[in-house]
Amino acid sequence: MTHFAPPTMAEQERMVEAMLFAAAAPLSVAEMGARMPQGSDPAEALAAVRRTYAGRGVAVVRVGDAWAFRTAPDLAFLMQREVVETRKLSRAAIETLAIIAYHQPATRAEIEEIRGVAVSRGTIDQLMELEWIRLGRRRMTPGRPVTFVVTDVFLDHFGLENARDLPGLNELRAAGLLENRPAPDAADQIGPDEEDAGQAELFEE
Amino acid sequence: MTHFAPPTMAEQERMVEAMLFAAAAPLSVAEMGARMPQGSDPAEALAAVRRTYAGRGVAVVRVGDAWAFRTAPDLAFLMQREVVETRKLSRAAIETLAIIAYHQPATRAEIEEIRGVAVSRGTIDQLMELEWIRLGRRRMTPGRPVTFVVTDVFLDHFGLENARDLPGLNELRAAGLLENRPAPDAADQIGPDEEDAGQAELFEE
Amino acid sequence: MEQHTQNRLAAEALIVDVEGFEGPLDMLLSLSRTQKVDLRRISISELANQYLMFVERAAELRIELAADYLVMAAWLAYLKSRLLLPVDPEDHGPSAEDMAAHLAFQLERLQAMRDAAAQLMARDQLGRDIFARGEPEHLVANRRVTHTASLIDLMRAYARTRTRDEFRPFVMDRKNIFTMEEALERMRGMLNYFGAWTDLNEHLPEGWGLHPARRRSATAAHFAAVLEMAKRGQIELRQGETFAPIQIRKRG
């Protein structure tokens, strides 16, 4: 970008404002000056920006030798909701969730049958706490086992209108998702079997 | 924090400004309202903030139903350091994205019909990973194929308020180029596209 | 340079380019640009000629073309011959003009989507031209741990369990599975009752209509069975429209 005349002070103010906003760390006056067109006066532009923001919801604060935007301290109460630490769901939990979503209502025994391992109490509890699954009707079979179904919170989180909108096995395969071989544990080297796609469709309801 | 009287409009403006500044992702009026003291009018406060920032180095932009501060496009030259290198999209991915955006909800078969080739494996996967597309409702045609639609992340990325603002959308529609026009059909014809969308999905493996 | 060599080079240039084409439609679109007219006024016969010439040259050079290029060639050859023939008033199929118009529409639509994609990518993009807050604020107190997963994680997890499933001993209980062999055996015994058109659904075995999985399995098995019987010439099948009941009748 070439400028023959230095930009106006109003222009320079816009530049400082935008740089401070987008920067991942506080910026020094020298750093801002280096990015601005020749003939700019970053110190004066910064002073103007600071005046503009005085008393507003955000302010320009000094951090060592550098400057950054920070929200006004008296508005900290507005930020409390955002303090959420997100962690990836464990493999056991996401697999359990996926099975419930695809096969709902699903009993614990059915989940265990598909995963081939016992489902820990903690996994179900965690999914219930997230409000992604809830109890469905009891199954009318011996023992009257409880079933699990997915919730509206689940649909909302995953951007689905309906659990039936989840792609079937054939579509997963077409999208390349079935190609992702799991870690080479045990017998996992054989290709996916066509028969099984049909079985999955039977379950889908 | 308890307020017995609702805060003044100037105070509410500060709050909206602070909340929008703090968050990287767009916030809806409802989300802001939920955090503000009782009796606040977030929509009016937002309108005031938008007026305040008109023409400045950062501005309030609309993304679907939500709002965010973004730097002014004309200042991009100052931001070279903030650019995050992203994986370059293939031509197939870009075209697939455009077809979904302009025809949404679009099925895989429709995308293939328009491009005249199969959607290569991983293309849909990549667009989903970028969170630019998501699953829409299944189409009520034979095979009930999955559909794809664009997301708010897509709108935010390309600076669109909503999907109706796509460049040239009205012209394309007026020219009839967004219609799903079936091929003049005849069973004995060897046409390249005689299968209708639903059928193609049915036979897909 | 000799004419022969020149031709050969031109042909090879074209062939090498095939790698850059995304299928026959893309290739046709490129060829159409040589006509330098509005895509709506393009000459489909000329385009067909160019395309067929390209396929011939590929054959001369013994270059293997993907099947869809050859399918397109066959279709264009057919279309070209139809365009040259006088219209047959007895022919109720689509006219050659309609077919040509549809191809022109497809080309125009593909070009429109290309242009739209280019316009989209030329827009100011977040993280490239416009920027979000670079340092979203660290927020205080009320630390709450939540877990997250994306749809793609969910689908991958499901794919993983299903893939793994295939390597376990197959222990699924078969009480809800009706096989095609069973259905065939059953239907064969009932063959003489199919004098008039009846719905296939009415012939499902008792007790298989209520449970969804059982109903599906029985329906699928019986459907496959009647297809087999139709193939053997024992019965006839018909269906009014998509999703309408499938009807069967004894043949002869």
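Chains as they are written, first to last, in the working numbering: chain S, 1 to 205; chain V, 1001 to 1205; chain X, 2001 to 2252.
From the three backbone atoms N, C-alpha and C, an ideal C-beta is built for every residue, glycine too.
Review point. If you draw a straight line from the alpha carbon of S:Glu-112 to that of X:Glu-2022, how long is it in whole angstroms?
Key: 45 Å
Point to revise | V:Thr-1151 burial status per 10 Å Cβ neighbour count (16 or more: buried) | key: buried
Check your understanding: According to DSSP, which residues form a beta bridge with X:Asn-2250?
Key -> Rather than Asn, the amino acid found at residue 2250 of chain X in this sequence is Lys. DSSP lists X:Ile-2235 as partners of X:Lys-2250.
Point to revise | Beta-carbon contacts of V:Ile-1114 that lie in its chain and below 8 Å, excluding the five residues immediately before and after | key: Ile-1099 and His-1103
Exercise for review: Identify, in the order they occur along the chain, each residue of the same chain with its Cβ nearer than 8 Å to the Cβ of V:Leu-1089, setting aside the five sequence neighbours on each side.
Suggested key: Within the same chain, V:Leu-1089 has close Cβ partners Leu-1097 and Gln-1126.
Review point. Once you ignore the five residues that flank X:Thr-2219 on each side, which residues in its own chain have a CB closer than 7 Å to its CB?
Key: Leu-2204
Practice item. Counting only the same chain and skipping the five closest in sequence on each side, list residues whose C-beta sits under 8 Å from that of S:Asp-196. Key: Only weak support is given to the placement of S:Asp-196: the predicted model assigns it a pLDDT of 38, under 50, and the value that follows is read from those uncertain coordinates. The residues are Leu-169.
Practice item. Could you tell me the distance, in whole angstroms, from the CA atom of S:Arg-62 to the CA atom of V:Arg-1081? Key: Rounded to the nearest angstrom, the two C-alpha atoms are 21 Å apart.
Point to revise | CB contact flag (X:Leu-2039, X:Gln-2111, <8 Å) | key: At the C-beta level, X:Leu-2039 and X:Gln-2111 come within 8 Å of one another.
Check your understanding: Taking all protein chains shown into account, do 16 or more other C-beta atoms lie within 10 angstroms of the C-beta of V:Gly-1136, making it buried, or fewer, making it exposed?
Key -> buried
Check your understanding: Curious, which full-length beta strand (DSSP E) runs of at least 3 residues does the region 1119–1195 of chain V contain?
Key -> List check, beta strand (DSSP E) in window: 1133–1135 and 1147–1150.
Review point. For S:Ala-5, which of S:Asp-41, S:Ala-25, S:Ala-30 and S:Phe-21 has the nearest alpha-carbon?
Key: S:Asp-41
Check your understanding: Closest to V:Gly-1122 by CA distance: which of S:Gln-38, S:Ala-54, S:Glu-171 and S:Arg-51 is it?
Key -> S:Glu-171
Point to revise | V:Leu-1046 versus X:Thr-2034: straight-line alpha-carbon distance, rounded | key: Looking at the two C-alpha atoms, the distance is approximately 54 Å.
**Study point:** Beta-carbon separation (whole angstroms), S:Val-60 vs S:Glu-13, contact threshold 8 Å
**Key:** Wrong, their Cβ atoms sit about 11 Å apart, outside the cutoff.
Practice item. Would you kindly report the start and end of the unbroken alpha helix (DSSP H) that includes X:Val-2055? Key: 2044–2060
Review point. Quick one: does V:Glu-1011 have its CB under 8 Å from some CB of chain X?
Key: no
Exercise for review: Please classify V:Val-1058: does DSSP put it in a helix, a strand, or coil?
Suggested key: strand
Check your understanding: Does the beta-carbon distance from V:Ala-1068 to X:Ala-2132 come in below 8 Å?
Key -> Closer than 8 Å, so yes.
**Study point:** When V:Glu-1179, V:Val-1149, V:Ala-1163 and V:Pro-1142 are compared against X:Glu-2241, the one with the closest alpha-carbon
**Key:** V:Pro-1142
Exercise for review: Could you name the residues that DSSP lists as bridge partners for X:Thr-2198?
Suggested key: As DSSP reads the structure, X:Thr-2198 sits in a beta bridge with X:Ile-2248.
**Study point:** V:Ala-1163 and V:Ala-1093 closer than 8 Å at C-beta
**Key:** no
Practice item. Kindly indicate which three-state DSSP category V:Val-1117 falls into: helix, strand or coil? Key: coil
Review point. Taking the beta strand (DSSP E) that X:Ala-2116 falls in, what are its first and last residues?
Key: Looking at the DSSP string, X:Ala-2116 is not in any beta strand (DSSP E); the run it does join, the alpha helix (DSSP H), is 2096–2122.
Point to revise | Residues that X:Thr-2242 contacts on chain V, provided the C-beta gap is smaller than 7 Å | key: Pro-1142
Exercise for review: Just tell me which of X:Gly-2189, X:Arg-2215, X:Ala-2183 and X:Tyr-2193 has its CA closest to the CA of X:Leu-2227.
Suggested key: Out of X:Gly-2189, X:Arg-2215, X:Ala-2183 and X:Tyr-2193, the CA that lies nearest to the CA of X:Leu-2227 is found in X:Ala-2183.
Point to revise | V:Glu-1017 classed as buried or exposed, judged by whether at least 16 other C-beta atoms fall within 10 angstroms | key: Under a 10 Å Cβ-count criterion, V:Glu-1017 is classified as buried, with 16 or more other Cβ atoms of the shown protein chains found around its own Cβ.
Exercise for review: Anything in chain V within Cβ reach of X:Pro-2212, meaning under 8 Å, just list it in chain order.
Suggested key: Under the 8 Å cutoff, chain V gives no residues; its nearest Cβ is about 16 Å from X:Pro-2212.
Exercise for review: Please name the residue in V:Gly-1057, V:Pro-1073 and V:Met-1009 whose C-alpha comes closest to that of X:Arg-2123.
Suggested key: Comparing Cα-Cα distances from X:Arg-2123 to each of V:Gly-1057, V:Pro-1073 and V:Met-1009, the minimum goes to V:Pro-1073.
Practice item. Within its chain, find whatever has a CB closer than 7 Å to the CB of X:Arg-2251; leave out the 5 residues flanking it on each side and keep chain order. Key: Gly-2233, Gln-2234, Ile-2235 and Glu-2236
Check your understanding: Tell me which same chain residues have a C-beta within less than 7 Å of the C-beta of X:Asn-2043, skipping the five on either side of it?
Key -> Strictly speaking, residue 2043 of chain X in this sequence is Ser, with Asn absent from that position. Excluding positions up to five away in sequence, the list reads Gln-2035.
**Study point:** Minimum length 3: unbroken beta strand (DSSP E) runs contained in the region 1015–1066 of chain V
**Key:** 1058–1063
Practice item. Could you give the DSSP three-state label for S:Phe-77: helix, strand or coil? Key: helix
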